[in-house]
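2 protein chains.
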Amino acid sequence: MFPDMKFSIRAANVEDCKDMLRMIMELAEYEKLAEHVKITQSDLEQDGFSKNPLFHGLIAEVPERHKTKEGQTKIGYALYFYTYSSFSGRAVYMEDLYVMPEFRGEGIGKALMSKVAQLGLTAGCNELNFTILNWNKSSLDFYHSLGCYDITTTMGYHCMRCEGEALEHLAQP
Amino acid sequence: MFPDMKFSIRAANVEDCKDMLRMIMELAEYEKLAEHVKITQSDLEQDGFSKNPLFHGLIAEVPERHKTKEGQTKIGYALYFYTYSSFSGRAVYMEDLYVMPEFRGEGIGKALMSKVAQLGLTAGCNELNFTILNWNKSSLDFYHSLGCYDITTTMGYHCMRCEGEALEHLAQP
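Residue numbers (UniProt numbering), protein chains in the order written: chain C, 1 to 173; chain F, 1 to 173.
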């Protein structure tokens, strides 16, 4: 599609929050979950870029000559943080991986995820974990091609959540 | 079973790591996953109780008169940490919740989880997340009774993992 496509991957900074929020919304729309997005640009700025950040980000950028018709050069991102497994210790969790549709097939998603893997290994992690929607076959194929496996299917791990009134009620002593 | 059962819930400290490891192993054996436990007491001491802890723990204790025949008074634990949702912001993740079999049915598990919920809400979290093995019907019933729901079943979220050689390979630039 772009035979001369060049892109760069770098750590996100606070000036990227506007584009991160735009792409979080694009990803949520693709996932048919846009109504679940409650987060704001200000949340991202505070939670990711103050003294004790709650997450880390990576931004994929293309040169000006490949910018979108809306003028965007920030065309992909990954959002990740460190977690802990009581079986195997330090782990890295990739909350989001996204590349704008017109820039797919150029290795940008793999480059973003590779960087998360590098950073995780450097930080002493033994696992990279993430979730996927089971109908998202193209993403499943992509992740399987990288050697990832589905621990819901193979081992029976299901994701559970408590939120809203149930969480408030549970928290009553 | 113990009509006068009293128990206390408190934050774990570094002296609890031996008992935490014992109970992690008991939980893994119950889950038929004991061969996956690679963690050591020293890992727990360093990762949970140095300057920037990677996890937090809660310990459930019973009085001496209820100690086990092996002399244990630390009879349950929860292990949790904070994560981040790009949809809804701060979240708390409960990695483990465990009560020794002979002390179940006394409200100890619920008290541990309630404390995780309280701490999460105080820290500004909107969600408490965890995973469960789909064959563990008694735990599923317990969590459902607390208003938790299965986002694998309702929304299709599957847990994915990259580890070992696949992770090393992915990390190559």
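For each residue, glycine too, the CB sits at the ideal point set by N, CA and C. Predicted, not measured: the structure shown is a model, and the values here were computed from it.
Quiz item: Grouping DSSP H, G and I as helix and E and B as strand, with all else coil, what is R90 of chain C?
Solution: Along the first sequence, one-based indexing puts residue 90 of chain C at 90. Correct three-state label for R90 of chain C: strand.
Exercise. Assign L58 of chain F to one of two classes, buried (16 or more other C-beta atoms within 10 Å of its C-beta) or exposed (fewer than that).
Key: Working through the second sequence from its first residue, we reach residue 58 of chain F at position 58. The residue is buried, with at least 16 neighbouring Cβ atoms inside 10 Å.
Quiz item: Would you report the Cα separation of E106 of chain F and M5 of chain F, rounded to the nearest angstrom?
Solution: Your numbering for residue 106 of chain F matches position 106 in the second sequence. Your numbering for residue 5 of chain F matches position 5 in the second sequence. Approximately 8 Å, taken between the alpha carbons.
Self-check item: Within-9 Å CB hit, Y93 of chain C to chain F
Solution: Taking the first residue of the first sequence as position 1, residue 93 of chain C is located at position 93. Interface residue, yes.
Quiz prompt | DSSP three-state assignment for E70 of chain C, whether helix, strand or coil | solution = If you number the first sequence from 1, residue 70 of chain C lands on position 70. DSSP places E70 of chain C in coil when its eight states are reduced to three.
Quiz item: Beta-carbon of Y30 of chain C versus every beta-carbon of chain F: anything under 9 Å?
Solution: Locating residue 30 of chain C in the first sequence gives position 30, counting from the first residue. Y30 of chain C does not count as touching chain F.
Quiz item: For a contact meaning CB atoms closer than 7 Å, what does V37 of chain F contact in chain C?
Solution: Position 37 of the second sequence, counted from the first residue, corresponds to residue 37 of chain F. By Cβ distance, chain C contributes F87.
Practice problem: Taking only beta-carbon positions, decide if G156 of chain C is within less than 9 Å of chain F. | Solution: Residue mapping note: residue 156 of chain C aligns to position 156 of the first sequence, counting from 1. Yes, its Cβ sits closer than 9 Å to a Cβ of chain F.
Quiz prompt | Per-residue DSSP class, three states only, for C17 of chain F | solution = One-based indexing of the second sequence puts residue 17 of chain F at position 17. It is helical.
Quiz item: Any C-beta of chain F sitting closer than 9 Å to the C-beta of A60 of chain C?
Solution: The residue given as residue 60 of chain C occupies position 60 in the first sequence. Output row for A60 of chain C: interface = no.
Quiz item: Within 9 Å (strictly less), CB to CB, does D150 of chain F reach chain C?
Solution: Here residue 150 of chain F refers to the residue found at position 150 when the second sequence is read from its first residue. For D150 of chain F, the answer is yes, since a Cβ of chain C falls inside 9 Å of its Cβ.
Self-check item: Distance, Q172 of chain C Cα to Y98 of chain F Cα
Solution: Within the second sequence, residue 98 of chain F is the residue found at index 98, counting from 1. Within the first sequence, residue 172 of chain C is the residue found at index 172, counting from 1. Approximately 20 Å, taken between the alpha carbons.
Quiz item: What residues in its chain sit with their C-beta under 7 Å from that of I108 of chain F, if we drop five residues either side in the sequence?
Solution: By one-based count along the second sequence, residue 108 of chain F stands at place 108. Excluding sequence neighbours, I108 of chain F sits near F7, A60, G76, V99.
Quiz item: When you compare only the Cα positions, how much space is there between S139 of chain F and L170 of chain C?
Solution: What you label residue 139 of chain F is simply residue 139 of the second sequence in a count that begins at 1. What you label residue 170 of chain C is simply residue 170 of the first sequence in a count that begins at 1. Taking the straight line joining both Cα atoms gives about 16 Å.
Quiz item: What first and last residue would you give for the alpha helix (DSSP H) that runs through M113 of chain F?
Solution: Translated into positions along the second sequence, residue 113 of chain F becomes position 113. It spans 108 to 122 - the alpha helix (DSSP H) in which M113 of chain F sits, taken as one unbroken run.
Quiz item: Would you report the Cα separation of F130 of chain F and E64 of chain C, rounded to the nearest angstrom?
Solution: For the purposes of this step, residue 130 of chain F is identified with residue 130 of the second sequence, where counting begins at 1. For the purposes of this step, residue 64 of chain C is identified with residue 64 of the first sequence, where counting begins at 1. If I take the Cα positions, the gap works out to 43 Å.
Practice problem: Closer than 7 Å, Cβ to Cβ, to anything on chain F: give me those residues from the region 136 to 148 of chain C, in chain order. | Solution: Y143, L146, G147, C148
Quiz item: With respect to the alpha helix (DSSP H) encompassing E127 of chain F, which residues constitute its N-terminal and C-terminal limits?
Solution: For the purposes of this step, residue 127 of chain F is taken as residue 127 along the second sequence, with counting starting at 1. No alpha helix (DSSP H) contains E127 of chain F, which is instead part of the beta strand (DSSP E) from 127 to 133.
Exercise. With DSSP as the reference, label L170 of chain C as helix, strand or coil.
Key: Reading the first sequence from its first residue, position 170 is the one you call residue 170 of chain C. Correct three-state label for L170 of chain C: helix.
Practice problem: Would you mind stating whether Y82 of chain F and C159 of chain C have Cβ atoms separated by less than 9 Å? | Solution: Against the second sequence, residue 82 of chain F aligns to sequence position 82. Against the first sequence, residue 159 of chain C aligns to sequence position 159. Not in contact: Y82 of chain F and C159 of chain C (Cβ atoms no closer than 9 Å).
Practice problem: Could you check which residue in C:E26, C:Q41, C:I132 has the C-alpha nearest to that of T153 of chain C? | Solution: The sequence position of residue 153 of chain C within the first sequence is 153, counting from 1. Considering only alpha carbons, the answer is C:I132.
Quiz item: K17 of chain C touches chain F at which residues, Cβ-Cβ below 7 Å?
Solution: Along the first sequence, read from residue 1 onward, the residue named residue 17 of chain C stands at position 17. A quick correction: the sequence has Cys, not Lys, at residue 17 of chain C. The contacting residues do not exist; C17 of chain C stays about 12 Å from chain F at best.
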